[in-house]
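For any residue, its number in my numbering is found by taking its place in the sequence shown, counting from 1, and adding 15.
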Amino acid sequence: MWCNEFKEQYDHIEIIAGAHDTGEFPPNATDSTRSFEKFVNNCPFTSPNGARVQPSPLCPTVPIVVSCYGREYYFDYPSSAPIARFIMLSPGVFNITGGCRSPCVVPAPGITCNPLNQNRTGPGGYDCWPYAKCDPHYNWVNDTINDARNYYPSIRWTIVGMHKPCLSAGKENCSIGQDIFNLLLLQHVDLVLEGNDHAYERSKQLSLGNGSCSTTIPYIIGPGKNNSFVAYNPDCVVDDSSNGFYKPQVGTTLIIQGNMGRGNEVDDSSKNPYNANEQPYFARLMGNNTVGFGHGFVKFTVSASEIRVQTVFTGTAQDEFRITQPPVPFFSRSPINPSIAEAVTFRATVLGGLEPYSYSWDFGDGSALTGAIVQHVFSNPRQYTVTLTVDDSSMESRTVQKIVAVGSWNAVVNCSPVLTTIEEIIGPKGINRNSSDPNSIGADYTGGGFQLVPNLQYNPQSPANPTIWPFYKRAVNLPPDCAYGGIPAFVELHNVGVRTVGTSDCSYSFDVSNGGALYPNGWQSCVTAFNLENWNYTACPICYMHRVYGYVDRDWNASGDAPYPAPTRGERIDVQGFIYWEYSSLTAPWHSYSG
């Protein structure tokens, strides 16, 4: 019935063993089904968004094969680029594999499979996994957590679920055992989801390794068998959640949700004094002795940026909190390549943090604005470092910076570039530079889109004025529009690849076109040379029609005005520069058989 009716409405609800379903209570107990195997066998894992269940390999295969689904397993959600790993455990659950065949009878402690002494192991034991330190189940949990963090970079959250708790301000003791609880705190799993205690309890954020709370949380032993409790140590609390906000991966938050039915008291020193002593570990408690108590459930909304938790109870007592990254700001701009005196719109977005946010802008020209969407006008052609600072309501502050190029990216170049491509610059017209090599086809000047001297083809046997533009890079005095014969000479390329960076043409003095003086401090300066390529066409000889040669001139380097550091092989960059035709290297493959 449960599988047919309940899961028909809520299909993506997965099973984990509980004490009422495995035979821990006497046969005449009306609140126990003792039919756990039926649930597992007839209601298999149903994949949310293609998630694939990974059962633990530690369930027995004799005398019968027992599936670890419903007992010990994990799944990642969603299946592609998962953001969360859910790990389900069964520490301290009696008869977890169904190995106890005799009825559970209490309170006779000598009868096989009696749960009063669940830590008993071996023949005649109680079929209970203790998750003791370094036992196979403990190690499986540790390895599964590490696997998520080391091999799945998209996973942001580790969430662990089990039936029984260790820490409780209601009435339950640490029945899961101290070792597994300490492991989860040491590993800083983000959430631990538990039941069994019939109340709602949300802990503060807890962690080991701080002050006197080093490798284990303190425990005390109460009356009865297997009856340990947690002693309070403030060093084990890393965040009290006074603002309803936890940071990820710095500690663990426990959620006990068991108030769908009968409610237990919380923080009641007269009935459960040991549990009441654990109350300082909790940020929110709700039991049947709480004003506004009601039944209901807890809703968890998990995204890549946060886990949002909200109770849905019938009473007025409610709770809400989030585990979220500090604010991570981003911004976009339009247009991408603004002109001088053109209004630029900046739009901010934020992931994580706690709303509401405040936005502060610094445009790198002495101007500042506030707001999520702002407009600004840049007055001069150069690069500006635009800084966005976002503060959230928990006083967390983060900044992001971007370079915005207005006109030229360099303050000493008073030109506005023309956005183009390598293919538009060199054109589609190929010419064979070596008659004996059919693969020596490079771009010809007459096919290019920027023919600064129309109808002029350089003839290496009869040089046509090789010391004037566009055949000589240092001999040019461009007009204010940075064009030559009406053809733009200053261009901009986006997302091009860098290949074969080297140096050449070194000197100790400026070129005569730049005065001929010695470089500062007697330095030697060289040309930085490299190929720029369309990285969709890297195989040669086809590559030669998709590459252009680039220089950072030695005078440019020596003056201190060149970009630094120089580009490196393998980078993808945006670049601005002046076009000219290099006549001396047309037959060289490293120059792509082109000028």
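Where is the CB? At the ideal position from N, CA and C, for every residue including glycine.
Note that the coordinates shown come from a computational prediction; the quantities given were computed from them, not determined experimentally.
Buried versus exposed call for residue i [16 or more other C-beta atoms within 10 Å across all chains shown]
i    : result
G386 : exposed
P453 : exposed
T173 : buried
P580 : exposed
P97  : buried
D205 : buried
C497 : buried
A458 : buried
I271 : buried
S599 : exposed
I351 : exposed
Other residues of its chain near residue i: CB distance less than 6 Å, five sequence neighbours each side excluded
i    : result
I235 : F244 and A246
S409 : N258, F260 and L369
V81  : C74, P75 and T112
G330 : G307, F308 and G309
F345 : T364
C228 : N248, D250 and C251
F593 : A504 and F505
T339 : E321 and G367
Q591 : W424, P432 and E507
T404 : S375 and T414
L8   : Because the chain is modelled from 16 through 610, residue 8 falls outside the range shown and cannot be assessed.
Residue i versus residue j: straight-line alpha-carbon distance, rounded
i    : j    : result
Y531 : S349 : It is Gly, not Tyr, that sits at residue 531 in the sequence shown. Taking the straight line joining both Cα atoms gives about 43 Å.
P443 : T400 : 37 Å
A358 : H27  : 50 Å
I446 : G610 : 11 Å
R584 : G512 : 8 Å
A577 : G464 : 26 Å
N129 : T37  : Model confidence at N129 stands at a pLDDT of 44, short of 50, so the residue's coordinates are unreliable; what they give is reported in the following sentence. Going by the C-alpha atoms only, they are around 12 Å apart.
N161 : I31  : 22 Å
T436 : N429 : 22 Å
Y534 : G517 : 21 Å
L198 : N157 : 7 Å
F328 : R337 : 18 Å
S375 : E321 : 24 Å
R448 : I456 : 6 Å
Q615 : S519 : Outside the modelled stretch of the chain, which goes from 16 to 610, sits residue 615, for which no answer is possible.
N13  : S382 : It is not possible to answer for residue 13, since the shown part of the chain is limited to 16 through 610.
L434 : P396 : 15 Å
I441 : V563 : 8 Å
T61  : E52  : 17 Å
Y6   : A603 : Shown here, the chain extends from 16 to 610; a query on residue 6 therefore has no answer.
R362 : S347 : 5 Å
N64  : D283 : 43 Å
Residue range of the unbroken alpha helix (DSSP H) whose run includes residue i
i    : result
T76  : Counting along the chain, T76 falls outside any alpha helix (DSSP H), and DSSP gives it neither H nor E.
V55  : F51 to N57
N290 : P288 to A291
E438 : I437 to I441
I195 : Q193 to L201
7 Å Cβ shell around residue i - same chain, five flanking residues per side excluded
i    : result
Y88  : V68, Q69, P70, S71 and M103
F90  : A66, R67, V68, Q69 and F101
A147 : Y153, G192 and D194
Q333 : T326
A163 : R100, I170 and T173
N211 : A34, H178, K179, P180, E187 and G273
H561 : I437, E438, E548, N549 and Y552
C143 : G107, V108, F109, I111 and Q133
T305 : V281 and A332
Extent of the continuous beta strand (DSSP E) to which residue i belongs
i    : result
S540 : S540 to E548
I170 : Note, I170: premise wrong, no beta strand (DSSP E); not H, not E.
N510 : F505 to S522
Y625 : Because the chain is modelled from 16 through 610, residue 625 falls outside the range shown and cannot be assessed.
N242 : No beta strand (DSSP E) contains N242, which DSSP labels as neither H nor E.
K148 : Where K148 is concerned, there is no enclosing beta strand (DSSP E), given that its DSSP letter is neither H nor E.
G101 : First, the residue type needs correcting, since residue 101 is Phe and not Gly in the sequence shown. A99 to M103 is the span of the beta strand (DSSP E), which, as asked, contains F101.
R397 : R397 to D406
P350 : That residue, P350, is in no beta strand (DSSP E); it is neither H nor E in DSSP.
V313 : G311 to V317
H35  : Segment: none, H35 is in no beta strand (DSSP E) and carries neither H nor E.
Q390 : I388 to V392
Cβ neighbours of residue i in the same chain (closer than 8 Å, five flanking residues each side left out)
i    : result
C18  : F54, N57 and C58
D254 : K219, Q220, Y261, K262, V265 and G266
K286 : K186 and E280
Any chain B beta carbon closer than 8 Å to residue i
i    : result
N287 : The structure shown has no chain B; it contains just one protein chain.
Residue i beta carbon near the ligand MG (any heavy atom closer than 7 Å)
i    : result
D150 : Within the structure as shown, the ligand MG is missing, as the structure has no ligands at all.
### Query
What alpha helix (DSSP H) runs, 4 residues minimum, are completely inside the segment 542 to 602?
569 to 574
### Query
Can you list, in chain order, the stretches of the beta strand (DSSP E) that have 3 or more residues and sit fully within the segment 251 to 286?
252 to 254 and 268 to 272
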